[in-house]
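Going by this note's numbering, the first residue of the sequence shown is number 31, and it counts up by one from there.
Built from N, CA and C at the ideal position, the CB exists for glycine as well.
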Amino acid sequence: LACNNCREGYYSLEGGACAPCSPGDVLPFILTGIFATVVVIFLFSSVNADLNQQSLSIVTVAAIFSQMVMAIQALGSIRQLSINWVGPVRHLIDLTRLFTFDFDIIRISCLAGQDSPTVKFVCQLLAFPMGSCLILVAWGITWLWGRKASLDSVFNLNGLLIFALFITLALAVLRPFQHQQSSTPDAMA
């Protein structure tokens, strides 16, 4: 969260600068939504599959992918430290911004119309419920297509989602309580 906001119609950049929103700034949000939908549909189809009929290589790939998600979240929590990273390490850690619900990367301020810490915090808190709603929509679509999926698979996928995002959710909830040293000795940020 920030101590200052950009004007209406602007979004924040690295270092506290602001840039004007353009009509194309909604595109990262749309692409993120499409990517999330594809991932949920893929996960939903894999949850419905019989695990006894899966090959060992598919199970191994799924285990590696889950370990990669956990490693990305750990890197995202390291990004919160006040360390000036150099070169390739900084770029690698900056890639974790989306996985830690830093919605400045998809320019949520342009979509919301204002650059407000409250809007960003509410969006971070609503990310998991929106993911759960996306799972329910995918379940409804598969139900309409005639592929009867059990409600247990919906709960399993929801549990998988919260398990995969527990570090990110904890960071999002605790971020407003994080104290940062101000450059002015008399002020608190």
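Pairwise C-alpha distance: residue j and residue i
i	j	result
L204	R37	26 angstroms
G39	Q103	31 angstroms
Q154	T90	31 angstroms
M160	N188	11 angstroms
F185	V167	13 angstroms
G143	F131	19 angstroms
L125	V119	10 angstroms
L111	H121	15 angstroms
P58	L141	10 angstroms
L191	G117	32 angstroms
P206	N35	15 angstroms
I113	C48	23 angstroms
Selected residue, minimal CA-CA separation from residue i, among the options
i	options	result
F151	V91, S162, I138	I138
G46	D145, I64, G63, S87	D145
L199	M98, A93, L156, P50	L156
A66	L164, A49, G170, I197	L164
V70	P206, F207, G170	G170
Spatial neighbours of residue i in its chain, beta-carbon cut-off 7 angstroms, leaving aside the 5 residues before and after
i	result
I123	L105, I108, R109, W115
P50	G39, Y40
Cutoff 8 angstroms; reference residue i; Cβ partners in own chain excluding five residues on either side
i	result
M100	A194, I197
F133	K150, C153, Q154
Per-residue burial, residue i [other beta carbons within 10 Å of its own, 16 or more giving buried]
i	result
L201	buried
D216	Low per-residue confidence applies at D216: pLDDT is 48, beneath 50, and the placement is therefore not dependable, though the value from the model is reported in the following sentence. D216 should be labelled exposed.
M218	Residue placement at M218 is poorly supported in this model, since its pLDDT is 46, which falls under 50; the coordinates are not used for a value here.
Proximal residues to residue i (C-beta, below 6 angstroms), its chain only, five neighbours per side dropped
i	result
T62	I136
S162	N188
8 angstroms Cβ cutoff, residue i in contact with chain D
i	result
T67	You won't find chain D in this structure, because it holds only one protein chain.
Q) Do three or more CB pairs link the region 175 to 182 to the region 140 to 154 at distances below 8 angstroms? A) no
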